[in-house]
Structure formats: C-alpha cells, structure tokens
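In what follows, a single structure is set out as structure tokens and then discussed.
In this note's numbering, the protein residues as written are 774 to 1424.
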C-alpha cells in the first residue's frame, strides 16, 4: 500500500480488510467469496478490485503483521537483550500472540497453504524472512530450521485441538528445543575430582531446617565476579552480595552503544572456543549465545610492507611467505610436537630461554615470538619472558581447536547480561552497584566488610578484582604480608583505537597484523555484523605497549608515536576512513589483563596459604589467558565454596 495514499482511501481499504477477516474467522476462508465481502462492506465489485487483486491479497495483511513483528524484533542488537534464548523465545511468543485469537482462520490458512499457490507463496515469504532474521542472531542454519519447525509444528497441533492454550504450548515446546540444543540439562554441579559438569547426586534441601546457610561476599563485578556469583546462585544454601564500585557490571568487559555502533573496551574475541572455559559455562549455567569464526583466509601479516597469509592452518602455512619451504617443515614439526605435548618449550623457564637454545632459523623464532605477542597482547621483549610451560599448554589447546578465533555475537554484554539475570533470578543475591568495599576485618567467626553505607558480616569472601587493588585493600590487615609478593605484578596494557564508519570503505581482509610495528587492525564488523548500523563498518586497532620509560615525557612521546603508526596503518589499508568516521574512541592505555603472565610477575592462586579468602580474575592462576583465566579461576573458587557446603540428602 502506497504511503502517499490519502487518509480516506486508506481508511476505506482498512475497513474492507477488517470486515473480510471477520468473515474468514466466522465462516472459514474457503467459505467466503468476493461477493460476500462486497455485500458485507456495501461496496461495488469495481471498488473491491481497485484495492485488491483478489481475496488472497487480503490474507497478506495477516502475514504483513507477522513480518512487521519479525522486522521490529530484528532491530534490537544482542547487547540490548538479556539472553539469546529469551530474545528468540520472545519473537515466537509475539508471533503466536498475534494469531491466537483466530484458531479457525489459522486452520484455514494452514490447509490453504497446501493447496493454494498464492497463499503458499505468501506463507513462504514470511518464513524466508523469519529464517533470515534468526540466522543473524543464531548463525547455524540447522538450529534455526529446528526452531522454525517447532513453531510451525506447534501451530498445526494447536489448530487440531480444541480449547488449547497456544501461548503455553509454544513456551513449553521452545523449552524442549533449547534443552535439546544445549544437549545437557541445566541442573548441573561441579565435580571436585574432575572439574567437569555432572548431575549432583544429592537432592537439594529446600526447608530451612535442612539447609546449611552460608553468606558469601564477592568484591568485584567483572567477568570473574559475575561468573562466581552465577555458580553460587544455583546453590540453595548460599546467599550473598556482589559489591561493584562502578555504576555498571562487567568491569573491562563493559559495552556501550554510540550512534548505532556497539563498542567494547577491548576485543571480544575468544581463542579456541570449542576448548574454552566459556563453552563449559554455557552448558553448566544454561547460557545462550552465538559466535562466529573469523575467516582464516582473510587473516594477514604485513612485514616490510609485504602482505602474506597468517599461518593459522596448513593451507595458510603453505601460502605464507614468512617462511621458506624448509622453515615450513620445521614449523609444522614444532606444531605437531606442541599438539603431542612433547615440545621442548615446556621444559624451559621462558620462551626466550628456549629460543636461545633452539637451532631453528631466525624467521621461525620470529614467528613464534610474534604468535605470543598476538595471543598474549604483549611486546616482543615481554613475549620472551612468558614461561615455557604456559606457552606449551596454551598452544596445545589452540592448535587442537577446530575454531581458533571466534567473536561472541553482540559483544561481552551478551554474556554479562545473562550472568546478571541468572544471579538476580535466584532471589538470594544482591547486586550492590556503586558500593566499593573500603575495609575488611575478622571478628566472631565472621568477615566484616565496610562500605560507605554499611558494614556487614559474611562467612566467605571472594576477591574478584585486580591483584593490585586486593593488595591495597589488605594494607593494615593481618593478611598484608602474604599478599606482598604479588603487589609488584604489572598489568598488560595496550592502545585501543576504535573507529565506526558510516559505510564500508574497504574490506581486503578481516585482520591485518603489522609485524614491524607490533600492532594490528581487526575488521570486527566483518565477523560480528550485530555491532554496526546497516552498511556500517567497525574497525579496531590495537598496539602492544612497552611499560618501561625514563620519565612521563618519554612515555607520552612513545604513545603519540604509536597513535601515528596506527593511523598510518588505517590510511594504508582503509583509505578514506577519516571522511567516513561516525564514531572514534582512542584508549591510549587500556588494561587487557591485571597481571601480565611473564616470569617476572606472579599469578595469585585462588587459595593462598594462611589467607582465609578466595581469589579469582585474570590476575589469578587458571586455565588459558585473558578472559578465560578470569572465567576458570572464578569457576574454581565457586567450586571450592560449593564443596564446603554440605547439603544433607533427602531420603
């Protein structure tokens, strides 16, 4: 219908549609003729055919409303919703709400779609749109088809039964589908022996007499604090408070939107997601999110102004010009040794020690150094200080992964929103935002935490904050001496340069790493389309930073030079970006990890001798690097507290 149609004409057309639909509902579509519609609306045949090609076209209004609902739903971005599962369910439930008052008409439409080509075409158009919009959120055609099949099957079942609650039936069937997609039940606990998810052998005691109550405080609302609280929120015997001094949760995983672009404080890439801690969390906590793999064929290295494929797999390794044929054979052998867990690097204190003793060519050594720079976000000098066992374990997992680099669609907010929702829904936890802990003391078998507004006692305390802040909070307490060895640990800091472009200026590759200057640019929107408005492009540049300067003036000059190098890289590979920039943000010193995992630093254990607290975060010991270490240490801390809580079995 033309937008220029006069109001009176539009009103007349809508009246005819309304009357026709009422007749369809009362009698069934097949039993209503065009003449019946003309008689009921007191119009002429000429008027009817002026507005409609036939009565089939009137049915488009039903499908149009459904398609409008689908398009309105698709406008939202993943960072704006609590969970993928909840958002997808909302779409199907809204679609059912639009039609649940018309079972007779829907029954007619389903029957007609099998006989009438016009109706079938309209219906197929709706389902093509539904498939396309769902695929942007859930980039797995099999999963999308399963959800649509469940939706259609529910409609057919509803039409064949009298007095059936469509809304309730749809909600129930969707729950079964999601349960199948997750492949495991959500009521899981953590085994102390294996650390793996398993069905808890005890019935949870729901009566106050049977429960052993424990009150837990978590200090810090970043990824680690939220993860620990989410696991503990599933335990009926545990209640607690999560303290976060800032106005929002997520810590450095904070996400915000500007001019239609979703910006992260740092990358939301996950390395080896199929072997990553977050995949275990997805199963155990019932999280729902999608991810998409970076196109390995479009990951490039630049060396001396020459572009070459990054050796991420066998195909790229054969194509890369970083190594000669003989060097490629050597590098393949090193990868095979890493996968087999027999590589010599694990026996050396640092990467630098291994490289000094290695008989490999300098190009192979440089490639190892650059890989560690890229995955640990550090300079070559610091890469040589990464412990050999850390490198061995990290690349053992990464080289075995079928999905080496993935982005969480919609950014970290998709994860933090779900963790928050899980914590809140338990009803036993308080999220205390803008309430920092200022002091801690022990008295009468309780740990008392003091903020500006209160002082409250707890049975257990988890510190989920940067190690440097923990040491500061421990000043003047009996536990200060035990934290002193960790006080001097240095963080991993990088320069982050984000630009949101009104249109795509160039897309020669999805990732370009400048090996000469140790910085890279990711075309984030090439992998995660949810972060940009239609037609837009989001580029993120990151520079690895040195932290050794004679004075502040030298540090400032260094950061200015890095900024110029980054802009020159943008100019070279994305010409025209300056004219198309809608959003720009430069963080000259963004913390990636609170403790750099190098030999001169010391990661904090989740439990420390003579200190009665639990610790978690990316500065703590755990599996993997960066965010994975935050997730794994938080899961381990929560597991330890859960094991302390002895819940009696109900017979």
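From the three backbone atoms N, C-alpha and C, an ideal C-beta is built for every residue, glycine too.
Mind checking which residues open and close the beta strand (DSSP E) that includes residue 1013?
From DSSP, the beta strand (DSSP E) with residue 1013 extends over 1011-1017.
Same chain only: Cβ atoms within 8 Å of residue 1140, ignoring 5 sequence neighbours per side:
Scanning its chain for C-beta atoms nearer than 8 Å, with the 5 sequence neighbours on each side dropped, one finds around residue 1140 the residues 1084, 1095, 1096 and 1104, in chain order.
Tell me whether the region 994-1004 and the region 1236-1243 touch, counting them as touching only if at least three CB pairs, one residue from each stretch, are closer than 8 Å.
The answer is yes - the region 1236-1243 touches the region 994-1004, with three or more Cβ pairs under 8 Å.
Keeping to the same chain, check which residues put their C-beta closer than 8 Å to that of residue 1278; ignore five residues upstream and five downstream.
Cβ neighbours of residue 1278 within its own chain (closer than 8 Å, five residues either side excluded): 1310, 1347, 1348, 1349, 1350 and 1353.
What's the gap between the Cα of residue 1394 and the Cα of residue 1228?
C-alpha separation (whole angstroms): 30 Å.
Curious, which full-length alpha helix (DSSP H) runs of at least 4 residues does the region 1328-1372 contain?
The region 1328-1372 contains these whole alpha helix (DSSP H) runs: 1350-1353.
Could you check what DSSP says for residue 1393 in three-state terms: helix, strand or coil?
Taken through DSSP and simplified to helix, strand or coil, residue 1393 comes out as strand.
Which two residues bound the contiguous alpha helix (DSSP H) that contains residue 1066?
Taken as a continuous stretch (DSSP letters only), residue 1066 belongs to no alpha helix (DSSP H), being part of the beta strand (DSSP E) at 1064-1066.
How should residue 1020 be labelled, buried or exposed, when 16 other C-beta atoms within 10 angstroms of its C-beta is the threshold for buried?
Exposed is the call here.
Give the straight-line distance between the Cα atoms of residue 847 and residue 1092, rounded to the nearest whole angstrom.
Each residue's alpha carbon lies about 40 Å from the other.
For residue 1212, report the span of its beta strand (DSSP E) as first-last.
Start and end: 1212-1216.
Residue 895 - DSSP class collapsed to helix/strand/coil
If DSSP states are grouped into helix, strand and coil, residue 895 belongs with the helices.
Quick one, which of 1319, 1338 and 1329 has its alpha-carbon nearest residue 1364's?
It is 1319.
Does DSSP put residue 1313 in a helix, in a strand, or in coil?
Assigned with DSSP and collapsed to three states, residue 1313 falls in strand.
What residue range does the beta strand (DSSP E) around residue 1079 cover?
Its beta strand (DSSP E) spans residues 1079-1082.
Measuring CB atoms only, is the region 890-910 touching the region 832-839, in the sense that at least three cross pairs come out at less than 8 Å?
Touching, yes.
Residue 1224: which of 1218, 1232, 1214 and 1233 sits nearest, CA to CA?
Comparing alpha carbon positions, the residue from 1218, 1232, 1214 and 1233 closest to residue 1224 is 1214.
To the nearest whole angstrom, what separates the beta carbons of residue 947 and residue 1063, a pair I think is in contact under 8 Å?
Contact check for residue 947 and residue 1063: beta-carbon distance about 17 Å, past the 8 Å limit, so the pair fails to qualify.
Length of the line joining the Cα atoms of residue 1160 and residue 1295:
Approximately 27 Å between the Cα atoms of the pair.
Pull up the CB-CB distance for residue 1384 and residue 1231, whole angstroms please, since I reckon it's below 8 Å.
At roughly 15 Å, the Cβ-Cβ gap does not stay under 8 Å, so residue 1384 and residue 1231 are not in contact.
Extent of the continuous alpha helix (DSSP H) run through residue 1193
Element bounds for residue 1193: 1186-1198.
In terms of DSSP beta bridges, what is residue 992 paired with?
DSSP output for residue 992 lists 1016 and 1236 as bridge partner(s).
Is it true that the CB of residue 1157 sits closer than 8 Å to the CB of residue 987?
For residue 987 and residue 1157, no; Cβs fall outside 8 Å.
Below 8 Å between beta carbons: does that hold for residue 1313 and residue 1040?
Their beta carbons are under 8 Å apart, which means residue 1313 touches residue 1040 by this criterion.
Contact set for residue 1411: own chain, Cβ-Cβ below 7 Å, skip 5 residues either direction:
In chain order, 1001, 1004 and 1005 place their CB closer than 7 Å to the CB of residue 1411, counting only its own chain and leaving out the 5 sequence neighbours on each side.
Is DSSP giving residue 876 helix, strand or coil here?
Per DSSP, reduced to three states, the secondary structure at residue 876 is helical.
Find the nearest neighbour of residue 1306 within the set 796, 1035 and 822, judged by alpha-carbon distance.
Nearest to residue 1306 by alpha-carbon distance, out of 796, 1035 and 822, is 1035.
Around the Cβ of residue 1409, are there at least 16 other Cβ atoms within 10 angstroms (buried) or fewer (exposed)?
So residue 1409 counts as buried.
For residue 1031, list the residues DSSP reports as bridge partners.
Residue 1031 is bridged to 1034.
Helix, strand or coil for residue 1271 per DSSP?
In this structure, residue 1271 counts as strand in the three-state DSSP scheme.
N- and C-terminal bounds of the alpha helix (DSSP H) containing residue 1223:
For residue 1223, no alpha helix (DSSP H) encloses it; the enclosing beta strand (DSSP E) starts and ends at 1219-1223.
Residue 1179 bridges to which residues according to DSSP?
Partner(s): 1043 and 1066.
How far does the beta strand (DSSP E) with residue 1295 in it extend, from its first residue to its last?
Residue 1295 -> beta strand (DSSP E) spans 1292-1296.
Thinking C-beta only, is residue 1387 closer than 8 Å to residue 1209?
Against a cut-off of 8 Å, the Cβ pair of residue 1387 and residue 1209 comes out as no contact.
Determine which residues share a DSSP beta bridge with residue 1230 and list them.
For residue 1230, which the question treats as bridged, DSSP gives the partners 1221.
Given residue 1149 as reference, the closest of 1176, 1323 and 1291 once Cα atoms are compared:
Checking every option, the nearest Cα to that of residue 1149 belongs to 1291.
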